[in-house]
Amino acid sequence: MTRTARSDRHTWLFPSHLVEAARHGGPGPEQGRPRRTVRDWVVDTTIFLLAAFVGLLAADSSAPYNSEVVNLLDQIAGGLACCALWLRRRRPTGLAVALSAVAVFAPTAGGAMLAALFSVAVRRPFREVAWIGLFAIATSTVQAFVRPEPGTSNLLVIGIGVVLVLLVTAWGMLVRSRRQLVEALRDRAVRAEAESELRAEQAQRQAREAIAREMHDVLAHRLTLLSVHAGALEFRPDAPPEQIARAAGVIRDSAHEALQDLREVIGVLRAPDEEGGAANRPQPTLATLDSLVTEVREAGMKIVLDSAVTDPGAVPTATGRTVYRIVQEALTNARKHAPGAEVTLTLRGRPGEGLVVDVRNPAPEGPVPPVPGSGQGLIGLTERATLAGGRLTHGPAPDGGFAVHAWLPWPV
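Just so you know, the sequence shown maps onto residues 191 to 602 in the numbering used here.
As structure tokens, then:
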């Protein structure tokens, strides 16, 4: 059962306006009066009974001093005033003003007037509550002279009326402030939950993008090896059996590795929270750059390696991995866009000065068919170098070839 389903079972405990705000995600334009909850019916019935009880007390205290006609009119006015309280949620201001005026001539409406004033204090801003409260005090003062109580001082009656109005108003404003606090806490909780879900989604998306970027570099390298050897078999059908067997072996191994990489990335993308796949696979570093150069040479690519880094193991792991991926993508692009050209790989650097990587290839001999999706790998490399605190540039060289230049930090 979801949290929403569990909370819906207890909506009868809350005021209707809070329930509507929770269902619609916050307060909005009123499109109609919300339906009363069970809690609202209980509160409205209780207020109605209390107002009727106060009206009966007032009628009983003034009955011996009034005629039967006046008592009857008082009872009718008090009953109508109590029945009018069922409108206090829809028209609190107008109801409070009307009942305050009626209470001047009908003391039995005093309880209903206080209940209406309480509703105004709960639902309206302070400025509106203040002038209605002053109006109620004024009408209670006038009532002391229009319908005086025999044997009771007018000053005492006025004082009791003022105290009752102030107490009811303060109680209503206290309830209003508590409701506002509850609404603020609810909004804060909803906002915090939404922000938490957004952060989780962003973290998940970033993790998937990092995995996809890593797998792109590997798959692109494997697939270009397949393309190179398949092209050699296509254009050299009369090659010696040893070369054909070696090319077929490279194609088989590259296809197997590419399939394994593809399975890993699909598995991680389907279940990013599970450990395994690419996360447990040994990551390349600068120390494994020689094996990459050897692999592409065995695939028939001409490459000149000029490295001045005497101790590749001293390079930080993250920096070495970034250099490896830059070289891998650059060699992959050279095989795709300049097949048969000799690639020059230069590596310079020392602690404190940074690590410089240059990969250059001359212009291809003859036309080269366009390759779909070109340029996406270089965009990813630029982002990778920037995230590592370095920079990467790429573009055509003056001799018509292509050059990739990168600098990465190497702390002391």
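C-beta atoms are modelled at their ideal positions from N, C-alpha and C, and glycine is treated no differently.
> On the premise that G580 lies in contact with L598, defined as a C-beta separation below 8 Å, what is that separation, rounded to the nearest angstrom?
Replying inline: In the sequence shown, counting from the first residue as 1, residue 598 sits at position 408. In the sequence shown, counting from the first residue as 1, residue 580 sits at position 390. Correct: roughly 4 Å between the Cβ atoms.
>> For the pair the segment 330-344 and the segment 384-393, tell me if three or more CB-CB distances fall below 8 Å.
In response: no
> Taking C-beta to C-beta, are V517 and L482 nearer than 9 Å?
Replying inline: Here residue 517 is taken as the residue at index 327 of the sequence shown, counted from 1. Here residue 482 is taken as the residue at index 292 of the sequence shown, counted from 1. The answer is yes: Cβ separation under 9 Å.
> Which class does D589 belong to by DSSP, given the choice of helix, strand or coil?
Replying inline: For the purposes of this step, residue 589 is taken as residue 399 along the sequence shown, with counting starting at 1. Note: D589 maps to coil in three-state DSSP.
> In three-state DSSP terms, what is W276?
Replying inline: What you label residue 276 is simply residue 86 of the sequence shown in a count that begins at 1. Correct three-state label for W276: helix.
> Quick one: any contact between the segment 265-277 and the segment 230-246, if contact means 3 or more CB pairs under 8 Å?
Replying inline: yes
>> To test your reading of the DSSP string, which unbroken beta strand (DSSP E) runs of 3 or more residues are found completely within the segment 467-506?
In response: Correct list: 493-497.
> From T484 to Q396, what distance separates their C-alpha atoms?
Replying inline: Counting from one through the sequence shown, the residue named residue 484 turns up at place 294. Counting from one through the sequence shown, the residue named residue 396 turns up at place 206. Taking the straight line from one Cα to the other gives about 33 Å.
> Near R314, what residues of its chain come up, given a Cβ to Cβ distance below 7 Å and the 5 sequence neighbours on each side ignored?
Replying inline: Position 124 of the sequence shown, counting from 1, holds the residue named residue 314. Excluding residues within five positions, the ones whose Cβ falls inside 7 Å are P282 and T283.
> With a CB to CB cut of under 6 Å and the five nearest residues on each side skipped, what residues in its chain are close to H595?
Replying inline: Stepping through the sequence shown from its first residue, residue 595 is reached at position 405. Only D548 and T583 meet the Cβ criterion.
> Can the beta-carbon of T329 be found less than 9 Å from the beta-carbon of M303?
Replying inline: Taking the first residue of the sequence shown as position 1, residue 329 is located at position 139. Taking the first residue of the sequence shown as position 1, residue 303 is located at position 113. Yes, they are a contact pair.
> Among residues of its own chain, excluding the 5 on either side of R538, which ones have a beta-carbon nearer than 6 Å to its beta-carbon?
Replying inline: Working through the sequence shown from its first residue, we reach residue 538 at position 348. A498 and V546.
> By DSSP, does V159 sit in helix, in strand, or in coil?
Replying inline: Examination of residue 159 is not possible in this model, given that the chain is present from 191 through 602 alone.
>> Rounding to the nearest angstrom, what Cα-Cα distance links M604 and Q394 in this structure?
In response: Here the chain covers residues 191 to 602 and nothing more, so residue 604 does not appear.
> Can V294 and V332 be called in contact, C-beta distance under 9 Å?
Replying inline: The count along the sequence shown starts at 1 and reaches residue 294 at position 104. The count along the sequence shown starts at 1 and reaches residue 332 at position 142. Yes, they are a contact pair.
> Which parts of the segment 293-365 are runs of the alpha helix (DSSP H), unbroken and 4 residues or longer, counting only runs that do not cross its ends?
Replying inline: 300-313 and 316-336
>> Since C272 and F238 should fall inside the 8 Å C-beta cutoff, what is the C-beta to C-beta distance between them, to a whole number of angstroms?
In response: Looking up residue 272 in the sequence shown gives position 82. Looking up residue 238 in the sequence shown gives position 48. With 8 Å as the limit, C272 and F238 qualify as a contact, their Cβ atoms being about 6 Å apart.
> Between P506, L476, T536 and D234, which lies nearest to D496 when the distance is taken from Cα to Cα?
Replying inline: Start at 1 with the first residue of the sequence shown, and residue 496 comes out as number 306. Looking at the Cα atoms, T536 is the closest of the given residues.
>> I'd like the span of the alpha helix (DSSP H) that includes T236, first residue to last.
In response: As a position in the sequence shown, residue 236 is number 46, starting the count at 1. That run of the alpha helix (DSSP H) goes V228 to S252.
>> To the nearest angstrom, how far is the alpha carbon of T298 from that of D264?
In response: Position 108 of the sequence shown, counted from the first residue, corresponds to residue 298. Position 74 of the sequence shown, counted from the first residue, corresponds to residue 264. Straight-line Cα distance between these residues: approximately 6 Å.
>> With a threshold of 8 Å on Cβ separation, who are the neighbours of G590 within its own chain once the five nearest residues in sequence on each side are excluded?
In response: Reading the sequence shown from its first residue, position 400 is the one you call residue 590. Closer than 8 Å at the Cβ level, and outside the excluded window around G590, lie P552 and A553.
>> Could you check whether L479 and V440 sit closer than 9 Å to each other, using their CB atoms as the reference points?
In response: For the purposes of this step, residue 440 is identified with residue 250 of the sequence shown, where counting begins at 1. For the purposes of this step, residue 479 is identified with residue 289 of the sequence shown, where counting begins at 1. Contact flag unset, no.
> Buried or exposed: where does V380 fall if 16 or more other Cβ atoms within 10 Å of its Cβ makes it buried?
Replying inline: Indexing the sequence shown from 1 puts residue 380 at position 190. With fewer than 16 other Cβ atoms within 10 Å, it is exposed.
> Nearest CA to the CA of V319: which residue from V355, F335 and P474?
Replying inline: As a first step, residue 319 is located in the sequence shown; it is residue number 129 there, counting from the start. Checking every option, the nearest Cα to that of V319 belongs to V355.
> In angstroms, rounded to a whole number, what distance separates the CA positions of A286 and I350?
Replying inline: Here residue 286 refers to the residue found at position 96 of the sequence shown. Here residue 350 refers to the residue found at position 160 of the sequence shown. Straight-line Cα distance between these residues: approximately 19 Å.
> Roughly how many whole angstroms lie between the Cα atoms of S444 and L413?
Replying inline: Position 254 of the sequence shown, counted from the first residue, corresponds to residue 444. Position 223 of the sequence shown, counted from the first residue, corresponds to residue 413. Cα-Cα distance, rounded: 7 Å.
> What does DSSP give as the partner residues of T536 in its beta bridges?
Replying inline: Here residue 536 corresponds to residue number 346 of the sequence shown, with the count starting at 1. Per DSSP, D496 and D548.
>> Going by beta-carbon coordinates alone, are R226 and D234 separated by less than 9 Å?
In response: Along the sequence shown, one-based indexing puts residue 226 at 36. Along the sequence shown, one-based indexing puts residue 234 at 44. Result yes, Cβ atoms of R226 and D234 sit closer than 9 Å.
>> If the criterion is Cβ atoms closer than 9 Å, does the pair R279 and D230 meet it?
In response: For the purposes of this step, residue 279 is taken as the residue at position 89 of the sequence shown. For the purposes of this step, residue 230 is taken as the residue at position 40 of the sequence shown. One thing to note: R279 has its Cβ within 9 Å of the Cβ of D230.
>> Can you check which of these residues, A326, N344, F325 and I327, is closest to A334 by C-alpha distance?
In response: Sequence index remark: in the sequence shown, residue 334 carries index 144 (1-based). If we check each option's Cα against that of A334, N344 comes out closest.
> Can you name, in chain order, every residue of its own chain whose Cβ lies under 8 Å from the Cβ of P541, other than the five neighbours on each side?
Replying inline: If you number the sequence shown from 1, residue 541 lands on position 351. If you ignore the 5 residues before and after P541, its C-beta comes within less than 8 Å of the C-beta of A504, W600, P601 and V602, all in its own chain and listed in chain order.
> Under 9 Å between the Cβ atoms of P586 and A575?
Replying inline: Position 396 of the sequence shown, counted from the start, is the residue given in the question as residue 586. Position 385 of the sequence shown, counted from the start, is the residue given in the question as residue 575. No. Outside cutoff.
>> Residues in the same chain with beta-carbon distance under 8 Å from W276, minus the five sequence neighbours each way, listed in chain order, please.
In response: One-based indexing of the sequence shown puts residue 276 at position 86. Closer than 8 Å at Cβ, skipping near neighbours: D234 and F238.
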